[in-house]
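Single-structure report; data block below.
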Amino acid sequence: MSANPAQGQPRKPDSPRRVRHGIKFRRKEGLQGLPWFAKAFVDAIESRAALGARVMGMEYALSGQAASFSLDTGIVDALVQGRAPRPYVVKLSLPHLSKEQWVDVVQVMAHEALFAAKLLVGEMPEGIEEPFAACGVNLLPKTPSELTVECNCGEKLPCKHAVAVGYLLAERLEVDPLALFALRGLPGTTLLERLQEARTVQTTGVSQSHQSPQLPSQKAQLPPLEACLDDFWRPGRKLADFERLPAQAHVPHALLRRLGASPLGGKFPLVGLLASVHDSLRSKAIELRERVEGHDA
Amino acid sequence: MSVLHANWHRGALHLWAESADAYRAGKRVAPASADQLVEHAFVTSPDEVRALAQTMGIDTAGARPARLPLVLPFDGDRPAPSDRLASELGLSLGAERDLRLEACDIPTLAVPPETALPALFAFDAARGEDDHAGGHELRFWCAAARLALELLEDQRVVPTVQQDRSGRMEARWRPWLSDAHTAERAATLLAAMPPMCRAIADATEADGWAVLEDFLGACVDTFARDVMVQESYKEAIEDRDDADVHVAWLRGLLDRASDVPQANAGDVSLVRGVRQWLGMLEDIGEGRAMRLMLELLEPPPALFGERDGDEDKHPWRLAFHLVTTEEPSSVIDAETIWKQASGKGGSKKGAEKNAELLLGELARASRIWTKIEDALEETAPTGLDLDTAEAYAFLREIRPILEESGVQCLVPDWWSQASTRVGARLFIEGESMDGEGMPPMGDARRGGLGLHSVVNYAWQIALGDQPLSIEAFEALARKGSPLVRLNGRWVEVRREDLETGLKFLKQHPGGKMSLIEALRLAHGAAEDAKGLPILGMDAKGWVAEVFGPTHASERLEMIEQPKRFQGSLRPYQLAGLSWLAFLDRYGLGACLADDMGLGKTIQLIALLQHEREKAPEGEKVGPTLLVCPMSVLGNWHRELTRFAPELNVHVHHGLDRPHGDKLMATVAKSDVMITTYALVARDKESLEKVDWRRVALDEAQHIKNPPTKQTASIRALKAGHRIALTGTPVENRLTELWSIMEFCTPGYLGPMAEFRRRFAVPIERHRDKERAERLRGLVRPFILRRLKTDAKVISDLPPLVESHQHVPLTGEQASLYDKVVDEMLAKVDRAEGLRRRGLVLSALVKLKQICNHPAHYLREAASPEVVAVDATEPSEGAEGVETPIELPTDGRPLSARSGKSIRLIQMLEEVVAAGDRALIFTQYRQMGHLLVAMIRRELDVESLFLHGGTPQAKRDQLVARFQDPEGTAPIFVLSLKAGGVGLNLTAANHVFHYDRWWNPAVENQATDRAFRIGQLRTVNVHKMISAGTLEERIDQMIEQKTELATQIIGAGEQWLTEMSTGQLRDILSLRTAALEEV
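Sequences listed follow chains A and B, in order. When we follow the working numbering, the leftmost residue of the first sequence carries the number 11, and every step to the right adds one. When we follow the working numbering, the leftmost residue of the second sequence carries the number 131, and every step to the right adds one.
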């Protein structure tokens, strides 16, 4: 190995440096049979890449030259080891939707149970583009150029490194379709939560922070009204039982102590305030009761 | 007159009212059109509703007119009246009605929640004054409002948030109903919900829970916001930034407005976050196979040796276990878990899972008590050492919260036992009687004993049953530890108890006081032991005999049946007699409250004989005044004559009753004088002058609170001994209890207002068990109540007990009776043959009707009535719309016009109060209608009615409903012909024969509806007989099995028609003068 004084740079080796535990493209069928939404990304990159970059990109992908690959931040972030000592930093990204646009999209999606149902089991619904289109936006790249490709190798983009990452992305999307939404700025799991939330609102009109309390089921069974015609107007015998049930000893702030600290992340001392609210409620309730009883006696 | 109703629907209390006038006018509903519901036929306008509500003390501020579609029972083409309206109108509403549900539109007055809750409380408090204008469901709403208030008081309220379709976020205060105890209360209340409360036409499946939950939620949120505003809570977040999620949430909670500001529309993180947080409350380990169990172990006693003290020297141990959630549960302790997890024996894999579970559970518990985090620092925690203060904190504060969160806690036995608390015990010693023992019976001068005698007393501070000296006590106080060791036992010592205790002891060295004062003190009925729990009393001497820990009746030596008693007393009756004589000996009043049918009357009669038998030769025992309602006056006289013919009985009644000196002379000659409640008030002056040996009240529930002139005159009577007889469960009806005790043992329960404050309110309103227990302790020595179901009684009782109720006619009945007899006799003389027979028979029917009720005879109820006296079943008349019975306009109850009705209602009241069920047989369908209306109105219970016109399917339904243990109709009225055979009605243990049949076999057959296989209790048969009338005459003949009687039994009424005019006059005419009080 010798330096190339003409270029003032170390000469690169003929083949890329091997990567231990690199991320490999493992599909046996190659690019055949990719789902449509994954293929859309392959197309977007390949249509702009030179043949050499495509061939080498596949070569890189198959041999596991990518040292890392992540979608965590809403863009594809990868390190690809080429012939240079340091891996190249590759990024693929799509413009994110605004928060408001996401709210709109979720609302539209919530109208059809199919979306939530398919996504819940990890499948990409066929018509997923429709709700986006309805809001005037896109999920998949609208044009190949909408997919921004970056790499610090200095070659013409999309370079072989970027192409390799594109293939890995396609494979990832096939396995984890929900990852697609992250590219538009909303993690798949968050989308699912919001979608379910929105569906509850749409079916019941409201989304609540609490469940309706369930009564012990055998006791909650009331006979149908038709069976109550003879005793339609009076309280049942259980009213006497209700009035006789022994009172429970008061445990101060029992619920708040069971709740513990708020997980909401606010800074205001919420639980302390609630404790003093509870004290006020208790003393006012006692006051009212005593007033009523005073009247009584 | 109108009846107010209330429904809760979507955040508002909808008030509406049925109008009696509109009902009477008979307006029918217009048929429904395609797109509109029918309108209710007899409801009032919202304006009238407002006026009505206001007369009942229900504030309607902020209410607006609205409409509410309800699904109501329809009878034919109009809505059926509610029970309350039916009662107010005196409708009987026979069983033949075929009700169906139909939706109709009701104009209402919608009261917003901020007015509704206080309004219900105001109504609740004022209830009883004008109850009749309110539907029965108002009681339910009052109970629901009380539950809401209870939840607020107990801090079972959580803040919540919700988001709607448009993305708008709202915060609400909600009741937390998911904990077991609360859920149980709510479920019990729900089970009592009157169906009408959930009969809202657009509600899904009449979901009662949705209605109740919405009601509770609205009450809680409204009340909480009121408090937030009153106390200016929003100032706390005034200058805070809404970007802080807590602040944003609180904006919707601390003011009237519920909106939560949000930075990002559609952001669901707050809703999800709060849901996750509140989810902690639901996480009580139910889904897990095993849960945490904490066991608090006191330091081993051996460490301390013999000495007390050294409380802080040795640590307590909180041991960790896992317990399976399934039943029966099994426990694994933490040591075993860790040992197995490290591979030493047992299945390693399962053990690792358990170890993980244990750590998870400890982490959960540490959120409630951070002290547990100390244990989590170890790799294999098995428990935690605590100092005494921490152990105390665990016992007092932490344990209840952990238990609510599904963590089982085991604590030492001594905790929670009252015997470990510091309190005061009262020692009482009755002074002995001059060495002579008790004064002899009948000594008129005695009376030094009784409640007002003086006793020696001393207070002692005690730990449960261990008395403490002042020095020991002060030493405790110096320690300042909440848990101390005393005589080798751990004991809870509250600082405040110590201080009050010391102060108290110094102020109360002991001495003498009256017994009544001492008893009141010992049972917490008086103020003196301020703040210090009173642990009970110890008595010595004669006081111990009466007020000892067991009821005197259980340890008394039985006295023998008086020799002159004409009959035989059952063992429990002898026990009652012994008890009455025992209390009498000490000059203490008594309340004999045995169940109806156990023979209170004869126990009292035997007492009168007993005291005469035991009196020294030649000494005359003073007279007893017996006060009873008019309706049983004759019965008493009859029973006295029958069982104790040797007693001189004077019935103080009628226009010619003696007054002044003449009365004194009569009294002097009498052993017993019987009179009525009304006459005691009227002849107050004469009666007050007598020194009665005893005053006894029958049906003592008649002395009412607030005191009437009657009650005051009775209390003013001078008596050496007082006895009250009653068949109602006095111990559960506290005002009644007070009134009766105030008669038997004046002053014992203190003034009414104080009694209410100290006992009635805490017990009835707050279900305070401790107070109830104290009150029971206080009154128990003076009350003897045996139930027919008591083991001791049941073995003494025959399966069938028959009694004859001889009741007087009212003035109205007597004059009608005379008139009919006179008219008939006048005509009969001049008639012959068939015509004569017809005259006699028709007069007979009229007389029987008059004995039943004047309204029966006068045909005031418009139910189709065909006179039928004999074997013919009433034929089916045209079924008309039932029109109301004329109710007395002077406010008297309908029953007041008939002696039999008065007595029947009195007896049924006891039946209902005891939770028993009764059959009432009558021969007349119209009388049946009258009875049903009367029972509904005067007892406020529903009764069933079966007669010849009831179709078979309906009959089966009625029988099933009556037999159902959960059924709500305790009284079954039956026509003798239709209901006298075939039916199985063993749910009843009382049978009333309201009018008499000439043939005992027919009556017996009817009685057998209840008295048959499957009947496990004694059946009481009550035959109602109008005194002095032909009913009584014929009853006598049957009882005496006269020759005439055999004719009667064979031939129905035919024999009467063959009598001569003289014979007729003899048998029919009224023997006693009008018996109504003048």
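For every residue, glycine included, the Cβ atom is placed at its ideal position computed from N, Cα and C. In this text the structure is predicted, and so the values were computed from the model without any measurement.
#1: For the putative contact between residue 534 of chain B and residue 292 of chain A, defined by C-beta atoms under 8 Å, what is the C-beta separation to the nearest angstrom?
#2: With DSSP as the reference, label residue 928 of chain B as helix, strand or coil.
#3: What number of angstroms, rounded off, separates the C-alpha of residue 112 of chain A from the C-alpha of residue 88 of chain A?
#4: Please state the DSSP three-state secondary structure of residue 1124 of chain B.
#5: Helix, strand or coil: which one does DSSP assign to residue 982 of chain B?
#6: In the DSSP output, what is residue 616 of chain B paired with across the bridge?
#7: Say whether the stretch 614–623 of chain B touches the stretch 692–701 of chain B, bearing in mind that this needs 3 or more beta-carbon pairs closer than 8 Å, one atom from each stretch.
#8: What residues match up with residue 821 of chain B in a beta bridge as DSSP calls it?
#9: Is the stretch 1130–1149 of chain B touching the stretch 1079–1087 of chain B, taking contact as three or more C-beta pairs under 8 Å?
#10: Taking 7 Å as the cut-off, decide whether the C-beta atoms of residue 159 of chain A and residue 172 of chain A are in contact.
#11: Taking the beta strand (DSSP E) that residue 451 of chain B falls in, what are its first and last residues?
#12: Got a sec: is the Cβ-Cβ distance from residue 213 of chain B to anything in chain A below 7 Å?
#13: Using only CA atoms, which one of B:787, B:1164, B:490, B:738 lies nearest to residue 769 of chain B?
#14: Helix, strand or coil for residue 996 of chain B? Go by DSSP, reduced to three states.
#15: Would you tell me roughly how many angstroms separate the C-alpha atoms of residue 239 of chain B and residue 142 of chain B, rounded to the nearest one?
#16: Evaluate residue 46 of chain A with the Cβ neighbour count: other Cβ atoms within 10 Å of its Cβ, from every protein chain shown; 16 or more gives buried, anything less gives exposed.
#17: Threshold first: 4 residues or longer. Then list the alpha helix (DSSP H) segments lying entirely within the stretch 178–237 of chain A, N to C.
#18: Report yes or no: is there a C-beta of chain B within less than 7 Å of the C-beta of residue 207 of chain A?
#19: By the 10 Å Cβ neighbour count, where 16 or more other Cβ atoms means buried, how is residue 1143 of chain B classified, buried or exposed?
#20: Use the C-beta contact count for residue 130 of chain A: other C-beta atoms within 10 angstroms, 16 or more gives buried, fewer gives exposed.
#21: Using beta carbons (cut-off 7 Å, strictly below), is residue 258 of chain A in contact with chain B?
#22: Helix, strand or coil, according to DSSP, for residue 106 of chain A in the structure here?
#23: Along the alpha helix (DSSP H) that carries residue 684 of chain B, what are the first and last residues, could you check?
#24: I'd like to know whether the C-beta atoms of residue 1198 of chain B and residue 937 of chain B end up nearer to each other than 7 Å.
#25: Of the residues B:387, B:391, B:377, which one's Cα is nearest the Cα of residue 277 of chain A?
#26: List the endpoints of the continuous beta strand (DSSP E) containing residue 586 of chain B.
#27: Is it true that the stretch 808–815 of chain B meets the stretch 836–845 of chain B, where meeting means three or more beta-carbon pairs spaced less than 8 Å apart?
#28: With a floor of 4 residues, list each alpha helix (DSSP H) that falls wholly inside the stretch 890–974 of chain B, ordered by position along the chain.
#29: Please state if the CB of residue 828 of chain B and the CB of residue 758 of chain B are separated by a distance shorter than 7 Å.
#30: Taking C-beta pairs closer than 8 Å, name the residues in chain A that residue 531 of chain B reaches, listed in chain order.
#31: Report the option in A:156, A:170, A:155 whose CA atom is closest to the CA atom of residue 162 of chain A.
#32: What residue from B:1057, B:715, B:168, B:681 has the CA that sits closest to residue 235 of chain B's CA?
#33: Buried or exposed: where does residue 1053 of chain B fall if 16 or more other Cβ atoms within 10 Å of its Cβ makes it buried?
#34: Between residue 743 of chain B and residue 692 of chain B, is the Cβ-Cβ spacing less than 7 Å?
#35: Along the alpha helix (DSSP H) that carries residue 251 of chain A, what are the first and last residues, could you check?
#36: Using a 10 Å radius around the Cβ and a threshold of 16 neighbouring Cβ atoms, would you call residue 274 of chain A buried or exposed?
In short, the structure shows the following:
#1: With 8 Å as the limit, residue 534 of chain B and residue 292 of chain A do not qualify as a contact, their Cβ atoms being about 17 Å apart.
#2: In the three-state reduction of the DSSP assignment, residue 928 of chain B falls in the coil class, being assigned neither a helical nor a strand state.
#3: 26 Å
#4: coil
#5: helix
#6: In the DSSP assignment, residue 616 of chain B forms a beta bridge with B:619.
#7: no
#8: B:848
#9: no
#10: Taking the C-beta atoms as reference points, residue 172 of chain A is found nearer than 7 Å to residue 159 of chain A.
#11: 446–454
#12: yes
#13: B:738
#14: At residue 996 of chain B the pLDDT is 32, less than 50, meaning the model places this residue with poor confidence; the figure from the coordinates comes in the next sentence. Residue state, collapsed to three classes: coil.
#15: 9 Å
#16: Result: exposed.
#17: 189–192, 198–214, 227–230
#18: yes
#19: exposed
#20: exposed
#21: yes
#22: Three-state result, residue 106 of chain A: coil.
#23: For residue 684 of chain B, the enclosing alpha helix (DSSP H) stretches over residues 682–685.
#24: no
#25: Closest option to residue 277 of chain A, Cα to Cα, is B:377.
#26: 584–593
#27: yes
#28: Qualifying alpha helix (DSSP H) stretches, in chain order: 899–909, 921–924, 941–958.
#29: yes
#30: Those are 261, 264, 267, 268, listed as they occur along chain A.
#31: A:170
#32: B:168
#33: A residue is called buried when at least 16 other Cβ atoms come within 10 angstroms of its Cβ; residue 1053 of chain B meets this threshold and is buried.
#34: Going by C-beta atoms, residue 743 of chain B is nearer than 7 Å to residue 692 of chain B.
#35: 248–254
#36: Buried, since its Cβ has 16 or more Cβ neighbours within 10 Å.
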